[in-house]
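In what follows, a structure is listed as structure tokens, so that the remarks can point back to it.
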Amino acid sequence: MLSALSHRFSRRRPSTRNTPSPLVVDEVIDITARKRDEEAQERIRLRAEAAEAIGLNPLLVDQDVCPRRDDTEDHDEWAHVRPESAMSFVDHPTNPRASVYAPTPTPPGSILRSKSPSPIPVGRLRSASAAACHSRNSSGHSSPIPPYPSTASALSQWQQHASTVPKYYPPSSLRIFALSNAKNWKPRYIILTSPTAALTRTRSPSVSYLHLFKNSGSDEKEFERLAINEDSVVFVSDDEVAGRRSVIKIGGVEVGASKKDLNVEDSGRTMWFLQIRDPAESRQWISAIKTSIYNQRQAIAIRAGLLPSASTGFGVNEPRGDIDVMLSMRAQGFIST
321 MLSALSHRFS RRRPSTRNTP SPLVVDEVID ITARKRDEEA QERIRLRAEA
371 AEAIGLNPLL VDQDVCPRRD DTEDHDEWAH VRPESAMSFV DHPTNPRASV
421 YAPTPTPPGS ILRSKSPSPI PVGRLRSASA AACHSRNSSG HSSPIPPYPS
471 TASALSQWQQ HASTVPKYYP PSSLRIFALS NAKNWKPRYI ILTSPTAALT
521 RTRSPSVSYL HLFKNSGSDE KEFERLAINE DSVVFVSDDE VAGRRSVIKI
571 GGVEVGASKK DLNVEDSGRT MWFLQIRDPA ESRQWISAIK TSIYNQRQAI
621 AIRAGLLPSA STGFGVNEPR GDIDVMLSMR AQGFIST
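Count the sequence shown with the working numbering and you get residues 321 to 657, in order.
The structure is reproduced here in structure tokens:
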């Protein structure tokens, strides 16, 4: 009897565990970020273009210009973005940026590539944000000037300055260069054309051109054409060029030429060497070309909101002080806010 009682009390009942009921969510919460409207994306793109035009790294203004996207998006949407090299000043050709006269438009969502020859990735951004902040539209440069080749009479409506000056042509070999430098200089009739439209927030910068003719005849067709855009340079050479001084060097984008080896290539620009001995005429050419370059940079800055429009009193043909320094100061103030 004692053994039966001890056996009864020694047995333990198996414990039963209550498993919690699964949590059921009635509906799915949408946490997708709202799409930005087209006006905000356009404002961001214009500010980024203005930052590039004044020589600022686009990644420096990205924190304040480009709004951050939600971290709930998939990580496979990230894209490498490389900075574009800084723009050189007009007065000196050192450290120039590769020409962007006719860039290929970057579609939204694609990976943006730098214009420098060997860039290094320094940051990561969402592909959509990168396309909105750094893409450049091919319609950013517009011009009503007739296409190449045109006659001098067809360009008279947009003519800003014209004169006949010697132009330097590089020799095809060192032997020819050693024989005579005088043959490398040939008199050419050159016309500077530039649209005179007012700068507004909706107007794209208009490219100016240098047109080269063999003579000043009204029916003469142009022999060469050089585009003057916001990346162009103009300065007086400190050294002699083929035994001559008072030489002005102009860098731009070659639009048309009868031969591809007529001019010197320097850092992605086509260089024209013009000898202008008269100091007053030399200053007129430099001032006219600089004004054209500054107006295009102003147009980019005005569209981005970094400068007031022409209707507020900022004239098209009156660059006040150093435009590059002024735009840089305004951009730095924009970044700090």
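By construction, the Cβ of each residue, glycine as well, lies at the ideal position given by its N, Cα and C atoms.
Who are the near neighbours of P486 in its chain, counting only those whose CB is closer than 6 Å to its CB and skipping five residues on each side? W505, P507 and Q595
8 Å CB neighbourhood of M591 in its chain, flanking five on each side removed: K569, I570, G571, N583, V584 and E585
Going straight from the alpha carbon of V527 to that of R623, what length do you get? 16 Å
Within 8 Å, strictly: CB atoms of S536 and W478: no
At what residues does the alpha helix (DSSP H) containing I668 begin and finish? Outside the displayed span of the chain (321 to 657) sits residue 668, for which this structure offers no information.
Any idea if D384 is buried or exposed, counting beta-carbon neighbours within 10 angstroms, 16 or more meaning buried? The predicted position of D384 is uncertain, since its pLDDT is 46 and thus under 50; no value can be drawn from it.
State the Cα-Cα distance for the pair E540 and D357, rounded to the nearest angstrom. 51 Å
Range of the contiguous beta strand (DSSP E) that encloses P507: W505 to T513
For the alpha helix (DSSP H) that contains T471, what are its first and last residues? It is not in any alpha helix (DSSP H) - T471 carries neither H nor E in the DSSP assignment.
Sub-8 Å separation of L512 and A474 beta-carbons: no
Under 8 Å between C-beta atoms of F533 and V561: no
Rounded to whole angstroms, what is the Cα-Cα separation between A608 and E369? 24 Å
Burial state of R367 (16 or more Cβ within 10 Å): buried
Option in P464, Q480 and E372 with minimal Cα separation from K610: Q480
L530 to R545 span [Cα, whole Å]: 6 Å
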